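Enquirer:
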Amino acid sequence: MTGARSKRRTFTALAGVLALALLAGGLSARDENWRPAAPRVETPSFPYSGGFTFARIRFEPTIWGGGPFMWGLDLKWNHDYPFAEENFTRIVDEITDVEVQTEGGNVLELTDPRLFEHPWAYLCEPGFWNPTEEELENLRSYLFKGGFLVFDDFFDVRGYPVQWENFERQMGRLLPGYELVPLTVDHPVFRSFFVLEDINFDIDDARFYPVRGRIYGVFENNDPSRRLMAVINYNMDIGDFWEWSETTFYPVDVTQKGFKLGVNYLIYGMTH
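First residue of the sequence shown: 123, per this note's numbering; consecutive thereafter.
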């Protein structure tokens with residue numbers, strides 16, 4: 123599996139370099155401020171089954187280009203795709219009684235009516251997220267009607283919270299006046315399946331960038347005693363832990379905690 127993945131990443135990276143080179147050539151005579159829309163890529167579509175199908179949110183990123191991700195493109199929303207959902211859903215299938223689609227997941231735009239068939243959704247790289255008003259309206263409705271959203275995979279940049287600042291702006295548009303509340307380990311989401319005694323995701327291993335992970339929540343009616351509608355993994359990337367779980371890339375204890383946290387998010391989201 124690891125060898126196949128390595129070859130796949132090499133191929134997609136080379137494809138991305140070629141695509142970027144062709145794009146650069148085509149832009150030579152254009153306005154330097156002009157930025158084309160990100161490419162539309164085809165993804166599998168799984169019908170509604172009444173069980174759990176992983177829903178990844180697709181969005182138009184503020185920056186995109188070639189990269190070592192699926193299709194040889196760095197589209198931001200496609201980070202860790204599709205291995206993260208494949209590995210995560212297999213774990214959910216093995217340790218819970220939830221009916222699970224284990225062959226992958228759906229990739230949905232926020233304006234897609236099918237979003238409301240998925241009680242739980244995942245959006246990565248929100249530091250590059252700049253939704254339209256229509257997308258915000260639909261997401262607001264999704265959350266207010268009981269949907270649960272996981273924001274994941276965005277970080278300080280050289281110690282400066284530029285990605286967080288963008289995320290705060292977009293959340294201010296989505297839910298004006300709502301607070302991003304730091305969560306503590308005694309919140310029910312951390313007891314919904316596994317009992318987590320520690321939600322610290324700090325990694326000091328020299329192989330990695332220094333990570334000081336923190337988890338925030340957004341609550342129904344802006345009231346921390348009410349239902350948790352969304353969780354925010356800041357300076358964290360649990361999708362990466364899921365993606366690389368078949369390797370020794372990350373410490374085993376951190377990978378296991380990443381799965382436990384994801385399962386807890388899922389069970390909480392499907393039962394509240």
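Just so you know, even glycine gets a beta-carbon here, dropped at the ideal spot from N, CA and C.
Being a predicted model, the structure only gives us computed values, none of them experimental.
Quick one: any contact between the stretch 179 to 190 and the stretch 203 to 216, if contact means 3 or more CB pairs under 8 Å?
Expert: Too few Cβ pairs lie closer than 8 Å, so no.
Enquirer: Leu261: which of Glu247, Trp242, Val279, Phe277 sits nearest, CA to CA?
Expert: When each option's Cα is compared against that of Leu261, the closest is Trp242.
Enquirer: What's the gap between the Cα of Thr393 and the Cα of Pro310?
Expert: Each residue's Cα considered, the two are about 12 Å apart.
Enquirer: Nearest by alpha-carbon distance to Ile179: which of Gln285, Gln223, Val385, Leu245 is it?
Expert: Selected option, being the one with the closest Cα: Leu245.
Enquirer: Can you check which of these residues, Leu195, Pro169, Tyr170, is closest to Pro161 by C-alpha distance?
Expert: For Pro161, the nearest C-alpha among the options comes from Leu195.
Enquirer: Can you tell which of Phe266, Thr254, Phe250 has its C-alpha closest to the C-alpha of Arg348?
Expert: Of the candidates Phe266, Thr254, Phe250, the one whose C-alpha sits nearest the C-alpha of Arg348 is Phe266.
Enquirer: What are the partner residues of Leu177, as DSSP defines its beta bridges?
Expert: Position check: residue 177 holds Ala in this sequence, whereas Leu was assumed. DSSP, once it has assigned bridges, lists Asn228 as partnering Ala177.
Enquirer: What do you get for Ala206, buried or exposed, if any count of 16 or more other CB atoms within 10 angstroms of its CB means buried?
Expert: Flag for Ala206 reads buried.
Enquirer: If I follow the unbroken alpha helix (DSSP H) through Phe341, where does it start and stop?
Expert: Counting along the chain, Phe341 falls outside any alpha helix (DSSP H), though it belongs to the beta strand (DSSP E) covering 336 to 341.
Enquirer: Bridge partners of Met358, per DSSP?
Expert: Phe276, per the DSSP bridge assignment.
Enquirer: Under 9 Å, Cβ to Cβ, is there at least one residue of chain C near Tyr390?
Expert: As a matter of chain content, chain C is missing from the structure shown, which is built from one protein chain.
Enquirer: Run the CB neighbour count on Lys382, radius 10 Å, all protein chains shown included, and call it buried at 16 or more, exposed below.
Expert: Result: buried.
Enquirer: Is it right to say Thr175 is buried, meaning 16 or more other beta carbons lie within 10 angstroms of its own, or is it exposed?
Expert: With 16 or more Cβ atoms within 10 Å of its Cβ, Thr175 is classed as buried.
Enquirer: Relative to the C-alpha of Glu208, which candidate in Ala177, Asp234, Trp199, Thr370 has its C-alpha closest?
Expert: Minimum Cα distance to Glu208 is reached at Ala177.
Enquirer: Which residues in the same chain have their Cβ closer than 7 Å to the Cβ of Glu255, if we skip the five residues on either side of it in sequence?
Expert: Closer than 7 Å at the Cβ level, and outside the excluded window around Glu255, lies no residue.
Enquirer: In whole angstroms, give me the CA-to-CA distance for Trp286 and Thr306.
Expert: Cα to Cα, Trp286 sits roughly 19 Å from Thr306.
Enquirer: Have a look at Val272 and Pro158 and give me their C-alpha separation to the nearest angstrom.
Expert: Val272 and Pro158: Cα-Cα distance of roughly 28 Å.
Enquirer: Can you check whether the CB of Asp275 is closer than 9 Å to the CB of Val284?
Expert: Not in contact: Val284 and Asp275 (Cβ atoms no closer than 9 Å).
Enquirer: Is it the case that the stretch 315 to 323 contacts the stretch 370 to 389, given that we only count it when at least three CB pairs across the two stretches are under 8 Å?
Expert: Touching, per the Cβ criterion.
Enquirer: Starting from the C-beta of Leu258, find all residues in its chain whose C-beta is less than 7 Å away, skip the five residues before and the five after it, and write them out in chain order.
Expert: Excluding positions up to five away in sequence, the list reads Arg295, Leu296.
Enquirer: Of the residues Pro253, Leu302, Pro248, which one's Cα is nearest the Cα of Gly339?
Expert: Comparing Cα positions, the closest option is Leu302.
Enquirer: Going by DSSP, what residues sit across from Leu350 in a beta bridge?
Expert: BP columns for Leu350 point to Phe341.
Enquirer: Enumerated in chain order, which unbroken segments of the beta strand (DSSP E) with a length of 3 residues or greater are wholly contained in the stretch 259 to 304?
Expert: Entirely contained in the stretch 259 to 304, the beta strand (DSSP E) runs reaching 3 residues are, in chain order, 270 to 276.
Enquirer: Which residue from Phe191, Phe341, Pro169 puts its Cα closest to that of Gly227?
Expert: The option with the nearest alpha carbon to Gly227 is Pro169.
Enquirer: Report the CB separation of Met202 from Gly391 in whole angstroms; it is logged as a contact under 8 Å.
Expert: Position check: residue 202 holds Asp in this sequence, whereas Met was assumed. Not confirmed; about 19 Å, so no contact.
Enquirer: Give the DSSP-derived three-state secondary structure of Trp242 in the structure shown.
Expert: If DSSP states are grouped into helix, strand and coil, Trp242 belongs with the strands.
Enquirer: Determine the burial state of Ser367: buried for a count of at least 16 other Cβ atoms within 10 Å of its Cβ, exposed for fewer.
Expert: Looking at its Cβ environment, which holds 16 or more other Cβ atoms inside 10 Å, Ser367 is buried.
Enquirer: With the cut-off set at 9 Å, would you say Pro183 and Glu247 are in Cβ contact?
Expert: Yes, these two residues count as a Cβ contact at 9 Å.
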